[in-house]
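As structure tokens, the structure follows; a few thoughts come after it.
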Amino acid sequence: MAIMKRALGRTGADVTILGYGAMELRGQPRGPRIDDVDAGRLLNAVLDGGINLIDTSPDYGRSEELIGRHIGHRREEFFLASKCGCPLEFPTDAPPPYPHDYSPANVRADVEQSLRRLRTDRLDLVQVHMSPSVAELTDNRTVETLTELRDEGKVRFIGMSGILPNLPGHIAMDVFDVFQIPYSALQREHEDLITEAVSTGAGTLIRGGAARGAAADDKNWSTGPIGLAAQESQRRWQVSGVEDLLADSGMSRMEFVLRFTLSHPGLSSTIVGTANPAHLEGNIAVAERGPLPGGLYEEARKRLRRADA
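Per my numbering, residue 1 is the first one in the sequence shown, and the count goes up by one each step.
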């Protein structure tokens, strides 16, 4: 089997519905320990498994360097997305998030640094990181700077990694080719905004689409990167009654959560990160099964809507 592909909005690129998020390659102290050899094996397994989209960022530690070192020679096999607005240096005595800088000088420095680290002559997509306000983007001429970089051939498309409350304003600007948006069965606050973004012709990359699936399976409802409180995740799952639907389907919670995300008709790809080869293999196997059956998806949505009320 192969992983389904979808069009990434108006970009003309076709991307696999499962992308690889390289944040888990950032290394210690904020990520899992992974040595260079294991990182190389994992990144090559991503491509060998059929995934053709990789998402990274200047503030993901060693991630960009490892991608460039181990699969830079396979550059034509994948769509490469990074970010901008990130600081070039990080304090060693403070945890993220760090203050971002969307000025022309820093945006350009981020892109130039990413090109060097990733050992490539162009980035397929550069996304503005951390969802700044429209006013901040305007004051800093951020979009104009990215447009200049695109005209120079260093960037192919520009995007926004956005969340509420600023995401509706980003969509209304009608300048972004791709939006990266958090969404899952247990975090549906941006569900309609995904549809709205797609209506403008933009592609969508979903993050957090499987973040709570593994936690649901082992009942470890820890707070994840998408920011939803652990107790609220658990409440939504329990109140919805979705668990009853899984008994007949034979699916694990992890499979259900990931395939629910894949079922959103506006999704181009969902980004799932791991440093664990077994988890990568499992994610690929689930993605090859594709979206949920239509009837199951609609019933699950109905139950989850009641849990949101």
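Glycine included, each C-beta is placed from N, C-alpha and C at the ideal position.
Worksheet entry | Interface flag, residue 106 vs chain C, CB-CB below 9 angstroms | You won't find chain C in this structure, because it holds only one protein chain.
Fill in: Stretch pair the segment 171 to 190 + the segment 144 to 160: three plus CB contacts closer than 8 angstroms
yes
Item to complete: Below 8 angstroms on the Cβ atoms is my guess for residue 18 versus residue 66; work out the distance and round it to an integer in Å.
Response: With a Cβ gap of about 20 angstroms, residue 18 and residue 66 do not count as contacting.
Worksheet item: Do residue 102 and residue 346 come within 9 angstroms of each other at the CB atom, strictly closer than that value?
Response: A question about residue 346 goes unanswered here, because the residues of the chain that appear run from 1 up to 309.
Worksheet item: In the structure shown, what three-state DSSP assignment does residue 21 receive?
Response: strand
Item to complete: Have a look at residue 3 and residue 205 and give me their C-alpha separation to the nearest angstrom.
Response: Within the model, the alpha-carbon separation for residue 3 versus residue 205 is close to 16 angstroms.
Worksheet item: Pick from 201, 193, 189: whose alpha carbon is nearest that of residue 236?
Response: 189
Discussion item. Output needed for residue 44: all residues of its chain with C-beta closer than 7 angstroms, excluding positions within five of it in sequence on either side, in chain order.
Written reply: 70, 71
Worksheet item: Relative to the C-alpha of residue 20, which residue among 30, 82, 36 is closest?
Response: 82
Worksheet item: What are the complete beta strand (DSSP E) segments, minimum 3 residues, inside the segment 98 to 129?
Response: 123 to 128
Worksheet item: So residue 209 packs on residue 272, CB below 8 angstroms; how close in whole Å?
Response: 7 angstroms
Item to complete: With a 10 Å radius around its C-beta and 16 neighbouring C-beta atoms as the bar for buried, classify residue 199 as buried or exposed.
Response: Using a 10 angstroms sphere on the CB of residue 199, the tally of other CB atoms stays under 16, which defines it as exposed.
Fill in: Neighbourhood of residue 274 by C-beta distance below 6 angstroms, restricted to the same chain and skipping five residues each side
Scanning its chain for C-beta atoms nearer than 6 angstroms, with the 5 sequence neighbours on each side dropped, one finds around residue 274 the residues 24, 280, in chain order.
Worksheet item: Based on the DSSP output, what are the partners of residue 180 in its beta bridges?
Response: Paired residues: 161, 205.
Worksheet item: residue 146 to residue 28, Cα distance in whole Å?
Response: Going from the Cα of residue 146 to the Cα of residue 28 covers about 31 angstroms.
Item to complete: Whole angstroms is fine: what's the gap from residue 123's alpha carbon to residue 64's?
Response: 12 angstroms
Practice prompt. Could you have a look at residue 79 and say whether DSSP puts it in helix, strand or coil?
Written response: strand
Discussion item. Taking the beta carbon of residue 105 as the centre, do at least 16 other beta carbons fall within 10 Å, making it buried, or is it exposed?
Written reply: exposed
Worksheet item: In whole angstroms, what is the alpha-carbon distance linking residue 295 and residue 308?
Response: 20 angstroms
Practice prompt. Could you pull the start and end residues of the alpha helix (DSSP H) that residue 302 belongs to?
Written response: Residues 294 to 308.
Item to complete: On a CA-only basis, which of 264, 172, 248, 303 is nearest residue 238? Give me that one, please.
Response: 303
Discussion item. Between which residues of its own chain and residue 46 is the CB-CB distance below 6 angstroms, once the five residues before and five after are set aside?
Written reply: Hits under 6 angstroms: 20.
Worksheet item: Taking the continuous alpha helix (DSSP H) assigned at residue 45, which residues delimit it?
Response: 36 to 48
Fill in: Proximal residues to residue 288 (C-beta, below 6 angstroms), its chain only, five neighbours per side dropped
1, 3
Discussion item. Output needed for residue 240: all residues of its chain with C-beta closer than 6 angstroms, excluding positions within five of it in sequence on either side, in chain order.
Written reply: 303, 304, 307
Discussion item. Quick check: the Cα distance between residue 181 and residue 35, rounded to an integer number of angstroms?
Written reply: 30 angstroms
Worksheet item: Where does residue 259 land, buried or exposed, given buried means 16+ other C-beta within 10 angstroms?
Response: Residue environment for residue 259: buried (at least 16 other C-beta atoms within 10 angstroms of its C-beta).
Fill in: Option nearest residue 87 by Cα separation, candidates 283, 93, 197, 109
Out of 283, 93, 197, 109, 109 has the C-alpha closest to the C-alpha of residue 87.
Discussion item. Quick check on residue 244: does DSSP put it in helix, strand or coil?
Written reply: It is helical.
Worksheet item: The beta strand (DSSP E) with residue 270 in it runs from where to where?
Response: According to the DSSP assignment, residue 270 belongs to the beta strand (DSSP E) that extends over 269 to 272.
Worksheet entry | Backbone CA spacing between residue 183 and residue 120 [nearest angstrom] | 30 angstroms
Worksheet item: Where residue 48 and residue 74 are concerned, what is the direct C-alpha to C-alpha distance, given to the nearest angstrom?
Response: 11 angstroms
Fill in: Closest residue to residue 95 among 115, 84, 60 (Cα-Cα distance)
60
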